[in-house]
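For what it's worth, the working numbering labels the leading residue of the sequence shown as 145, then goes sequentially. Glycine is no exception: its CB is placed at the ideal position from the N, C-alpha and C atoms. These figures come from a predicted structure and were not determined experimentally.
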Amino acid sequence: MLIQELFSSLRVRVVRIDHYCDDNSWSCKNLNSPGNRLYLTTAGEAYIWHHDHQYHLTPGTLHLIPCHISSDHYCPKYFEHYFLYFGSRTALGMDLFSLLECNYHIKADKQELALCDRLREINPDKVEQQSHLPLSKKLAVQKLTTFEPQELPRDILESDGIIRMLIAPFLETAHEHSNSQRIQAIHRFRDVLSYIDDNLCQPITLEELAHIVHLEQNYFSRLFAQFMGARPIQFINRRRIERAQLLLLSTDKSVNEIALEVGFCDWAYFCRTFKKYMNITPGEYRKTVVQ
Numbered sequence: 145m146l147i148q149e150l151f152s153s154l155r156v157r158v159v160r161i162d163h164y165c166d167d168n169s170w171s172c173k174n175l176n177s178p179g180n181r182l183y184l185t186t187a188g189e190a191y192i193w194h195h196d197h198q199y200h201l202t203p204g205t206l207h208l209i210p211c212h213i214s215s216d217h218y219c220p221k222y223f224e225h226y227f228l229y230f231g232s233r234t235a236l237g238m239d240l241f242s243l244l245e246c247n248y249h250i251k252a253d254k255q256e257l258a259l260c261d262r263l264r265e266i267n268p269d270k271v272e273q274q275s276h277l278p279l280s281k282k283l284a285v286q287k288l289t290t291f292e293p294q295e296l297p298r299d300i301l302e303s304d305g306i307i308r309m310l311i312a313p314f315l316e317t318a319h320e321h322s323n324s325q326r327i328q329a330i331h332r333f334r335d336v337l338s339y340i341d342d343n344l345c346q347p348i349t350l351e352e353l354a355h356i357v358h359l360e361q362n363y364f365s366r367l368f369a370q371f372m373g374a375r376p377i378q379f380i381n382r383r384r385i386e387r388a389q390l391l392l393l394s395t396d397k398s399v400n401e402i403a404l405e406v407g408f409c410d411w412a413y414f415c416r417t418f419k420k421y422m423n424i425t426p427g428e429y430r431k432t433v434v435q
């Protein structure tokens, strides 16, 4: 089955792992990142809004916010937690949590605490040096590479295993009915999705995509929208903006260079499209997240 193939091809990467003690300055609106965010609450409380739902983070809870999902955060007084910022890339080029819906809020126990402690211990370079860094500043992505040169093979393998153990409980419902249509779509359009991801920097036409699955263009467009929730061109633009997010946070390239790299030959159109999806311009996004 495709879902097992997605798991077997999964590549995970730690971007940041640390334990924080925050006050009400942790509050933030419309936070959106190119990586997944995992919060394990150890003391205090906080509230997070996303997917049209409010979640109450209390001690003993584990909360996941998928990549490219906007969220609002509020801490009434005090919030102590582990924060894991990570990627979980599949063979299709998309993050696992961009492809599958799941439970986002579950109970944690001593095992999860021990796993976060160990992950922090074997990834000292991923620990934040500034203990009171604002919430938005914790989402910068320093490297595009999967692994950094100084990382030991044993630590890479152990980190991989720990992340898989931490995210496994969230995926218990990934096989249920709510995901059946999405999984069916991924299976039917997997070659199309791979082609899009491999060619984001180039013009992509509806004719090319329809040809991949041997369908007439209009029929393909309607079918793709039915299964994926967006017309092909809308889906492509969304993927380009997601790629642009990562480049804005992980490189020093200019906004114009990034626009070209993700397939926008018109800088102004890129900025308008970015703001349409992110409610903020590319320059503002970079300034907000990167110090």
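Query, Result
"Would you call the segment 262 to 269 in contact with the segment 211 to 219, where contact means no fewer than 3 C-beta pairs closer than 8 angstroms?", "no"
"From 172, 417, 394, pick the residue whose C-alpha is nearest to that of residue 377; which is it?", "417"
"When you compare the CB positions of residue 157 and residue 237, do they come within less than 9 angstroms of one another, or not?", "no"
"Please name the residue in 430, 195, 360, 247 whose C-alpha comes closest to that of residue 205.", "247"
"Going by beta carbon distance, what residues of the same chain come within less than 8 angstroms of residue 357, once the five residues before and after it are set aside?", "332, 333, 335, 336, 364"
"Apart from the five residues on each side of it in sequence, which residues of its chain come closer than 7 angstroms, Cβ to Cβ, to residue 211?", "177, 178, 179, 180, 239, 241, 242"
"Classify residue 343 as helix, strand or coil using the three-state DSSP reduction.", "coil"
"Where do the ends of the beta strand (DSSP E) carrying residue 245 lie?", "Segment: none, residue 245 is in no beta strand (DSSP E) and carries neither H nor E."
"Under a three-way DSSP split, which group does residue 398 fall into?", "coil"
"Between which two residues does the beta strand (DSSP E) carrying residue 206 extend?", "205 to 209"
"Tell me which same chain residues have a C-beta within less than 8 angstroms of the C-beta of residue 299, skipping the five on either side of it?", "266, 267"
"Can you tell me the Cβ-Cβ gap for residue 234 and residue 154, rounded? I've got them flagged as a contact below 8 angstroms.", "6 angstroms"
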